[in-house]
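Engineer:
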Amino acid sequence: MNDDLQPIDPSELAGIDPTGGLDELLIFGHPGTRRHFLKQVAGTSAAISLGPALMGIGSIEAAETDATSGGNASAAVTHVQLRINGRDHKLEIDPRTTLLDALREHLQLTGSKKGCDHGQCGACTVLVNGRRINSCLSLAVTHEGDEITTIEGLATGDELHPVQAAFLEHDGFQCGYCTPGQICSAVACISEGHARSDAEIREWMSGNLCRCGAYPNIVAAVKEAQSKTPAKAS
Amino acid sequence: MSATTLIGPARSRVDGRLKVTGAAKYSVEFEVPKCAYGWTVESNIAKGKITAIETKAAQAVPGVLAVLTHLNMPKFKEAPKKEGGGGGAGIRNEERFPLSDDGVYYAGQYVALVVAETIEQARHAASLVRVSYAPEEPLLTMEAAVRKADKPKKNNDTPVQINKGDVATALKDASLVKIEQTYITPTETHNPIEMSGTIAHWEDDQKLTLYDATQFVKGVQNILARSLGLELENVRIICPFVGGAFGCKGAVWMHVLLAAMGSKVAGVPVKMHVTRRNMFVGAGHRTPTRQTLSLAATKDGKLQAIQHVSETLTSPVGQFTESCGSRSTGVMYESPSIRVEETVYPVNVSTPTFMRAPGECPGTYALECAMDELAIALKMDPVALRLANHADNHPTKNVPFSAKHLREAYQLGAEKFGWSKRNPELRSMRDGDLLVGWGMATATYPAHKMSAAAKVILRADNSATVQCATHDLGTGAYTAFTQISSEQLGVPFEKVTFELGKSDFPFGPVAGGSNSTGTVGTAIHEAAVLLHKALAELAVKDSKSPLYNTKIEEIGMVAEGRIGIVTDQTKSDSYADILKRAGRDSIEVQSEQKPPEENKKQAFQSWGAHFCEVKIDPLLPRVQVTRVVSVMNCGRIVSAKTARSQIMGGVTMGIGMALTEETSYDPATGLPVIRNLADYHVPTNADVPEIDVSFVGEPDFAFNPIGARGMGEIGITGIAAAIANAVYHATGKRVRDLPITPDKLI
Numbered sequence: 001m002n003d004d005l006q007p008i009d010p011s012e013l014a015g016i017d018p019t020g021g022l023d024e025l026l027i028f029g030h031p032g033t034r035r036h037f038l039k040q041v042a043g044t045s046a047a048i049s050l051g052p053a054l055m056g057i058g059s060i061e062a063a064e065t066d067a068t069s070g071g072n073a074s075a076a077v078t079h080v081q082l083r084i085n086g087r088d089h090k091l092e093i094d095p096r097t098t099l100l101d102a103l104r105e106h107l108q109l110t111g112s113k114k115g116c117d118h119g120q121c122g123a124c125t126v127l128v129n130g131r132r133i134n135s136c137l138s139l140a141v142t143h144e145g146d147e148i149t150t151i152e153g154l155a156t157g158d159e160l161h162p163v164q165a166a167f168l169e170h171d172g173f174q175c176g177y178c179t180p181g182q183i184c185s186a187v188a189c190i191s192e193g194h195a196r197s198d199a200e201i202r203e204w205m206s207g208n209l210c211r212c213g214a215y216p217n218i219v220a221a222v223k224e225a226q227s228k229t230p231a232k233a234s
Numbered sequence: 235m236s237a238t239t240l241i242g243p244a245r246s247r248v249d250g251r252l253k254v255t256g257a258a259k260y261s262v263e264f265e266v267p268k269c270a271y272g273w274t275v276e277s278n279i280a281k282g283k284i285t286a287i288e289t290k291a292a293q294a295v296p297g298v299l300a301v302l303t304h305l306n307m308p309k310f311k312e313a314p315k316k317e318g319g320g321g322g323a324g325i326r327n328e329e330r331f332p333l334s335d336d337g338v339y340y341a342g343q344y345v346a347l348v349v350a351e352t353i354e355q356a357r358h359a360a361s362l363v364r365v366s367y368a369p370e371e372p373l374l375t376m377e378a379a380v381r382k383a384d385k386p387k388k389n390n391d392t393p394v395q396i397n398k399g400d401v402a403t404a405l406k407d408a409s410l411v412k413i414e415q416t417y418i419t420p421t422e423t424h425n426p427i428e429m430s431g432t433i434a435h436w437e438d439d440q441k442l443t444l445y446d447a448t449q450f451v452k453g454v455q456n457i458l459a460r461s462l463g464l465e466l467e468n469v470r471i472i473c474p475f476v477g478g479a480f481g482c483k484g485a486v487w488m489h490v491l492l493a494a495m496g497s498k499v500a501g502v503p504v505k506m507h508v509t510r511r512n513m514f515v516g517a518g519h520r521t522p523t524r525q526t527l528s529l530a531a532t533k534d535g536k537l538q539a540i541q542h543v544s545e546t547l548t549s550p551v552g553q554f555t556e557s558c559g560s561r562s563t564g565v566m567y568e569s570p571s572i573r574v575e576e577t578v579y580p581v582n583v584s585t586p587t588f589m590r591a592p593g594e595c596p597g598t599y600a601l602e603c604a605m606d607e608l609a610i611a612l613k614m615d616p617v618a619l620r621l622a623n624h625a626d627n628h629p630t631k632n633v634p635f636s637a638k639h640l641r642e643a644y645q646l647g648a649e650k651f652g653w654s655k656r657n658p659e660l661r662s663m664r665d666g667d668l669l670v671g672w673g674m675a676t677a678t679y680p681a682h683k684m685s686a687a688a689k690v691i692l693r694a695d696n697s698a699t700v701q702c703a704t705h706d707l708g709t710g711a712y713t714a715f716t717q718i719s720s721e722q723l724g725v726p727f728e729k730v731t732f733e734l735g736k737s738d739f740p741f742g743p744v745a746g747g748s749n750s751t752g753t754v755g756t757a758i759h760e761a762a763v764l765l766h767k768a769l770a771e772l773a774v775k776d777s778k779s780p781l782y783n784t785k786i787e788e789i790g791m792v793a794e795g796r797i798g799i800v801t802d803q804t805k806s807d808s809y810a811d812i813l814k815r816a817g818r819d820s821i822e823v824q825s826e827q828k829p830p831e832e833n834k835k836q837a838f839q840s841w842g843a844h845f846c847e848v849k850i851d852p853l854l855p856r857v858q859v860t861r862v863v864s865v866m867n868c869g870r871i872v873s874a875k876t877a878r879s880q881i882m883g884g885v886t887m888g889i890g891m892a893l894t895e896e897t898s899y900d901p902a903t904g905l906p907v908i909r910n911l912a913d914y915h916v917p918t919n920a921d922v923p924e925i926d927v928s929f930v931g932e933p934d935f936a937f938n939p940i941g942a943r944g945m946g947e948i949g950i951t952g953i954a955a956a957i958a959n960a961v962y963h964a965t966g967k968r969v970r971d972l973p974i975t976p977d978k979l980i
């Protein structure tokens, strides 16, 4: 039960950006997809889009409470086509399905991990059009037309991506559960040009938690991979 | 060909490729056809009775297959209450079965389970379950629970109330230098990044397979079999990878039993992935502690008395106790008088469990801060004080420690850190505007031995498969056991496949207490002896073998892939030739699971020293740990790369313990108010500096044939004290309640 989450009265929301400005953070997919998102989930309840953004914690659970007043939310199914690791996948899913659950539960792409389901740990990090996002905070239906890359799409055949190889060499992980998110994040961190010093790597990799405590090795791995991957001009 | 060097090779993890490509399958990632999803409803009161549960709305949600409450939950069979991890019975920290009655014993207790076809349906339906309660006044604090306080005599058969010599007289002696202080540690939560989870799949009504995130597949198998009234061999537990655990996946928690029963009722496989929110209540935590240390020493720093009084909490439905004093003060320093008192208070808070170095971790925090305070009172260097009280013998068992090299750890650590440059005056060291503090502390963790067995299959192509129902939590077990197998069997590293994480395999104990490397390593050693004997038996009967008609007892491994006469190595034969001539493709042996041999003439304990530097802005006193040097003495280091990572991980978790981690509870309702990773601050990359890890000492062959004492836990012991001592050195402010947040330094 959501004992600490109260339904939001939409009448209190007048004049507030319904996304809470979170479009910028790619909560609803790439910028500009909010309208698309609202259209996709129109059959359920617009409250779904308000809940997580305004609660500021991205909790789908929060939206759930609102959705109940909208009636038969759970019966709805929507069709979506996702392009993942260069392949197109047609899915028939509940519109509330996050991108992470679509990957893990519907496509068996279990490399992307669920570590909190709240955008707080980074284990679910994937690349969407080259940018890193928390796939647990993003609804799958908002990603039609996007180029999604997961950990399964980084290696070329048997040849590991330089970031993967560097993580292996530097023992940049222990249990391995945060690792796919760390690696996807590191790929973007390098291409963003945010891996030019140890201090910069530490800061720009801090959205990905590693409870085993492999951070110094992650820094070493990102640094080595960076030296082998010329950064884009930033 | 035994490995006698202190440090083994620095290999990359054998399971590393699977982990960096996302191919490693964790428990809830196994593909099971027609799998449904379980979602729980939790109590929002800490104590009372459920008076009604309205489930109609939930049941009406499309896709919902079952809603279970105490009113319709099938009964579990009984399982014994007190259980440990060594023998294989399995561990239940929470003894009440889920949904077994209308009682509520702590906030967040599961009061209903919804099973539905999709996650979205299950989550939504669970939000529609309405529970009514008759709340009662909960006991939430030590003070409130004082009438229920218990002073346990033993914890896992080890005495925890210690009285050596006359502490009371020494503490009254006016000629001695004394300090007495109370130290507080808050509730800490393990928070591995993989949340606990299980897929329960009934193949028929008597056969159950569980894909469970666990540190103890054999324990889960045993408890599930008995709880559900099934034959042991009809319950299979599969867990090839664990996404971190730190203790919270050692016991069988309620979601595992709920998944199994939910699946039985719903008639489909059920996946339960515990939410992060529920990881703060449903999978254990480290109890808060209150510890009072009284030390008395002569003016030249010789301890005459140590008294360690510790108080901790447990839940009304569990029995776990955290033994702080006996596991730190009880082993650490030489003193003619030592007194340890431990008190446990049952409160209406979810059940605690072992978290990385249970007892030793909070215990060394308090003891090593107190030692720092004593050093300052004596105007003595903190390292010198520790050297002056070094214990060659176990201070309360009075037997010598085996292969103890703590003095070297202090010395090397001090050298690497540059300790001699420390100005002991408070607030004396600066880096620009920043205050700089240097602190140190001793680390310690006992060497635990449990029982295990291993199966070896050696093939004529000189490859081998070794199996044990042990676990890799990120510890590097796959790599370390491949290394040990290679050394012990005499098979090249690249040709060994080590398999773990299945209850079908020979017995492996709980992956806890830093026991696995030594325990499973010993089982591999015993299996290797059997393998060499089995090969010898083939060779001595084979007229074409150079070992024909030799006595079996004279034969042993003489080189990689060869057995021969140990005293005359000109006579030897290769594994491959022996098997080929015998017409065998392979040979298989299995060691026997037997209770570990006790050596009561020595004490086995690992040691270490942490040195750390902190920098603090005096205007906004946020503590940044900028340098850590850790030197460890853990017997043989089997796998250099993963061992270093283990110590780094312990230190990192200790940084969190010292500075940021705390699960707090609403004092009125007992509900945890911190239930996510945005509020519970585990260290991030930017919080952790370079950590310089070294190892000293020698393989401890008196402990086991591998010489390894294990190292999963020692890294976190002492480090919080080293940081707290550095903060005091930097600021002159002694914070005695963790975590050391900026508000406590202003």
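From first to last, the protein sequence lines are chains A and B. For the first sequence, the tail end lands on 234 under the working numbering, and the numbers increase by one without skipping. For the second sequence, the tail end lands on 980 under the working numbering, and the numbers increase by one without skipping. In this text, a Cβ means the ideal position worked out from N, Cα and C, and glycines have one as well.
#1: What beta strand (DSSP E) runs, 3 residues minimum, are completely inside the stretch 667-721 of chain B?
#2: Would you check if the distance between the CB atom of A762 of chain B and the CB atom of I789 of chain B is smaller than 8 Å?
#3: Helix or strand or just coil, what does DSSP make of A493 of chain B?
#4: With a threshold of 7 Å (Cβ to nearest heavy atom), would D971 of chain B be considered close to the ligand ATP?
#5: Taking the beta strand (DSSP E) that E414 of chain B falls in, what are its first and last residues?
#6: Measuring alpha carbon to alpha carbon, tell me which of B:P580, B:L668, B:P522, B:M663 ends up nearest A600 of chain B.
#7: Report the three-state DSSP secondary structure of P596 of chain B (helix, strand or coil).
#8: State the start and end residues of the unbroken alpha helix (DSSP H) segment that holds N623 of chain B.
#9: Compare the C-beta of M55 of chain A against all C-beta atoms of chain B and say whether one is closer than 8 Å.
#10: Using a Cβ-Cβ cutoff of less than 7 Å, which residues in the same chain neighbour N278 of chain B once the five nearest sequence positions on both sides are dropped?
#11: Between I148 of chain A and R364 of chain B, what straight-line distance do the alpha-carbon atoms span, to the nearest angstrom?
#12: With C-beta atoms as the reference, is V504 of chain B less than 8 Å away from C473 of chain B?
#13: Measure from the C-beta of A981 of chain B to each C-beta in chain A and report whether the shortest distance is under 8 Å.
#14: Pick from B:E265, B:H682, B:H915, B:A494: whose alpha carbon is nearest that of N390 of chain B?
#15: Roughly how far, in whole angstroms, is the beta-carbon of G175 of chain B from the beta-carbon of K382 of chain B, given that I think they are within contact range, below 8 Å?
#16: Got a sec? Which residues, its chain only, sit under 6 Å from M513 of chain B by beta carbon, not counting five neighbours each side?
#17: Taking just the CA atoms, how far does A286 of chain B sit from P901 of chain B?
#18: Grouping DSSP H, G and I as helix and E and B as strand, with all else coil, what is I821 of chain B?
#19: Measuring CB to CB, does M684 of chain B end up less than 8 Å from N749 of chain B?
#20: Tell me where the alpha helix (DSSP H) around T375 of chain B begins and ends.
#21: Within the same chain, show all residues whose beta-carbon is closer than 7 Å to that of N327 of chain B, passing over the 5 residues directly before and after it, in chain order.
#22: Helix, strand or coil: which one does DSSP assign to M307 of chain B?
#23: By alpha-carbon positions, which one of A:C210, A:H161, A:T150, A:D146 ends up nearest to G176 of chain A?
#24: Three or more C-beta pairs closer than 8 Å, one from the stretch 646-655 of chain B and one from the stretch 566-578 of chain B: is that the case here?
#25: Count the other CB atoms, across all protein chains shown, that sit within 10 Å of the CB of T804 of chain B; report buried if there are 16 or more and exposed otherwise.
#26: Would you say A236 of chain A reaches chain B, if we count a Cβ-Cβ gap shorter than 8 Å as a contact?
#27: For the beta strand (DSSP E) holding D88 of chain A, just list the boundary residues, first then last.
#28: Does the Cβ of K39 of chain A have 16 or more other Cβ atoms within 10 Å, making it buried, or fewer, making it exposed?
#29: Rounded to whole angstroms, what is the Cα-Cα separation between C558 of chain B and D101 of chain A?
#30: Based on Cα-Cα distance, which residue from B:A648, B:M605, B:T563 lies nearest to T630 of chain B?
#31: From the DSSP output, read off the bridge partner residues of P634 of chain B.
#32: What distance in whole Å lies between the Cβ atoms of H628 of chain B and A837 of chain B, which are believed to be in contact at a cut-off of 8 Å?
#33: The alpha helix (DSSP H) that contains R878 of chain B, what's its start and end?
#34: State the CB to CB distance for the pair N468 of chain B and L442 of chain B, rounded to an integer number of angstroms; the pair is presumed to be in contact (CB under 8 Å).
#35: Please report the Cβ distance between R96 of chain A and E354 of chain B, rounded to the nearest whole angstrom; I am assuming they are in contact, meaning their Cβ atoms lie under 8 Å.
#36: On the CB-based measure, 16 or more other CB atoms within 10 Å of its CB, does S636 of chain B come out buried or exposed?
Structural biologist: To lay it out plainly:
#1: 668-680, 689-693, 698-701
#2: no
#3: helix
#4: Absence of the ligand ATP from the depicted structure is noted, as is the absence of any ligand whatsoever, leaving it without description.
#5: 411-419
#6: B:P522
#7: helix
#8: First-last for N623 of chain B: undefined, no H or E at that position.
#9: The predicted position of M55 of chain A is uncertain, since its pLDDT is 36 and thus under 50; a value taken from the coordinates is nonetheless stated next. No, M55 of chain A lies away from the interface with chain B (no Cβ there is under 8 Å from its Cβ).
#10: A341, L905
#11: 40 Å
#12: no
#13: Residue 981 of chain B lies beyond the stretch modelled for chain B, which goes from 235 to 980, so this question has no answer here.
#14: B:H682
#15: Outside the displayed span of chain B (235 to 980) sits residue 175 of chain B, for which this structure offers no information.
#16: M429
#17: 26 Å
#18: strand
#19: yes
#20: Element bounds for T375 of chain B: n/a, residue is neither H nor E.
#21: A485, G518, G552, F554, T585, T587
#22: coil
#23: A:C210
#24: no
#25: exposed
#26: There is no way to answer for residue 236 of chain A, as the model of chain A reaches only from 1 to 234.
#27: 87-93
#28: In this prediction, K39 of chain A has a pLDDT of 47, which is less than 50 and means its spatial position is unreliable; what the coordinates show is noted afterwards. K39 of chain A comes out exposed.
#29: 42 Å
#30: B:T563
#31: B:N627
#32: 4 Å
#33: 874-893
#34: 7 Å
#35: 4 Å
#36: buried
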